[in-house]
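Shown next, in structure tokens, is the structure this report addresses.
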Amino acid sequence: MITKDGTLAFKVLEKQEIEVDCDQSDRWVLGALTDAAPDQYLCGLESEIWAAQSKIQIHLKGSRLVSDNEFQVEVSLSAEVPNLCARCGQPMMSTRASDFIQYFQLVEDEAEAVDSGDADLIYTTAAQINLRDLISERLVLIEPMVEQHPEGICQAPALIDEVEKTPEAKSNPFGSLKGLKFD
4 MITKDGTLAF KVLEKQEIEV DCDQSDRWVL GALTDAAPDQ YLCGLESEIW AAQSKIQIHL
64 KGSRLVSDNE FQVEVSLSAE VPNLCARCGQ PMMSTRASDF IQYFQLVEDE AEAVDSGDAD
124 LIYTTAAQIN LRDLISERLV LIEPMVEQHP EGICQAPALI DEVEKTPEAK SNPFGSLKGL
184 KFD
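As structure tokens, then:
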């Protein structure tokens with residue numbers, strides 16, 4: 004059904020509905036994790052190491068819709084990925100989860116395969132769905148802007164927390180800069 008590189012042919016979905024579970028032991032899923040890895044300076048790890056330390060469970064359900072050229076893939080994913088705490092800078096494991104439905108409409112001409120304007124609908128002339136790209140893109144989209152340990156767990160004091168505790172910082176956010184000396 005799903006190839007080693009993470010593609011699923013629309014022909015398969017024309018004949019039957021599929022339901023499959025995947026995890027990081029599947030080569031294409033590991034590839035999706037590698038593709039979605041944050042830059043090394045953000046997580047402290049090279050993309051291959053980040054992917055190898057990640058744990059992910061993916062449940063896929065694919066089917067044809069009413070029309071012969073319309074398909075959907077329902078995805079439920081949950082992952083534990085390595086990260087650095089933005090407060091203390093120490094390594095930590097972070098949870099990621101997403102449930103979504105991606106719709107595909109097959110078109111015959113490249114000119115018809117334009118952006119639908121809907122993030123959930125893809126017009127395509129391709130004969131298959133690239134699940135590796137679909138999953139890696141979703142992992143990037145659900146990455147939070149700032150990741151921190153729960154309150155009280157950080158091992159190092161946070162500079163930003165100390166600055167926020169000073170009365171100057173509350174009344175004037177630039178007050179802490181007043182002591183800076185320029186040469």
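So for the sequence shown, the numbering used here puts the first residue at 4; every next one is plus one.
Note that the Cβ used here is the ideal one computed from N, Cα and C, for glycine as well.
No experiment lies behind these values; they were computed from the predicted model shown.
Select from the options the residue whose C-alpha is nearest the C-alpha of residue i.
{"i": "glutamine 60", "options": "Val110, Leu33, Pro85, Ile52", "result": "Leu33"}
{"i": "glutamate 146", "options": "Glu49, Leu109, Asn86", "result": "Asn86"}
{"i": "serine 101", "options": "Thr37, Asp42, Val143", "result": "Val143"}
{"i": "phenylalanine 74", "options": "Ile104, Thr6, Ser139", "result": "Ile104"}
{"i": "cysteine 88", "options": "Ser119, Ala12, Pro153", "result": "Pro153"}
{"i": "leucine 137", "options": "Val149, Met148, Ala122, Ser97", "result": "Ala122"}
{"i": "methionine 148", "options": "Arg99, Tyr126, Gly155", "result": "Arg99"}
Roughly how many whole angstroms lie between the Cα atoms of residue i and residue j?
{"i": "methionine 95", "j": "valine 117", "result": "41 Å"}
{"i": "leucine 36", "j": "alanine 130", "result": "24 Å"}
{"i": "alanine 172", "j": "lysine 181", "result": "Unreliable positioning characterises alanine 172 in this predicted model, as indicated by a pLDDT of 49, which lies under 50. A coordinate reading is not provided."}
{"i": "glutamate 77", "j": "glycine 92", "result": "36 Å"}
{"i": "tyrosine 106", "j": "proline 41", "result": "27 Å"}
{"i": "arginine 135", "j": "serine 28", "result": "13 Å"}
{"i": "aspartate 71", "j": "cysteine 157", "result": "54 Å"}
{"i": "leucine 183", "j": "tryptophan 31", "result": "51 Å"}
{"i": "proline 176", "j": "alanine 12", "result": "56 Å"}
Do residue j and residue i come within 8 Å of each other at the CB atom, strictly closer than that value?
{"i": "arginine 90", "j": "glutamine 43", "result": "no"}
{"i": "serine 57", "j": "valine 23", "result": "no"}
{"i": "threonine 10", "j": "isoleucine 132", "result": "yes"}
{"i": "arginine 141", "j": "leucine 63", "result": "no"}
{"i": "aspartate 8", "j": "serine 139", "result": "no"}
CB of residue i to nearest heavy atom of the ligand SAM: below 7 Å?
{"i": "glutamine 105", "result": "Among the components of this structure there are no ligands whatsoever, and the ligand SAM is therefore not found."}
Say whether the segment 107-125 touches the segment 37-47, bearing in mind that this needs 3 or more beta-carbon pairs closer than 8 Å, one atom from each stretch. No contact exists between the segment 107-125 and the segment 37-47.
Inspect the CB distances between the segment 12-22 and the segment 62-70 and report whether three or more fall short of 8 Å. Using a C-beta cut-off of 8 Å, the segment 12-22 makes contact with the segment 62-70, since at least three inter-stretch Cβ pairs fall below that distance.
Item to check | Contained beta strand (DSSP E) runs [length at least 3] in the segment 16-62, N- to C-terminal order | outcome: Listed in chain order, the complete beta strand (DSSP E) runs (minimum 3 residues) inside the segment 16-62 are 21-26.
Complete runs of the beta strand (DSSP E) confined to the segment 54-114 [at least 3 residues]:
Taking 3 residues as the shortest admissible run, the segment 54-114 contains the following complete beta strand (DSSP E) segments, listed from N- to C-terminal end: 58-67, 73-87, 94-109.
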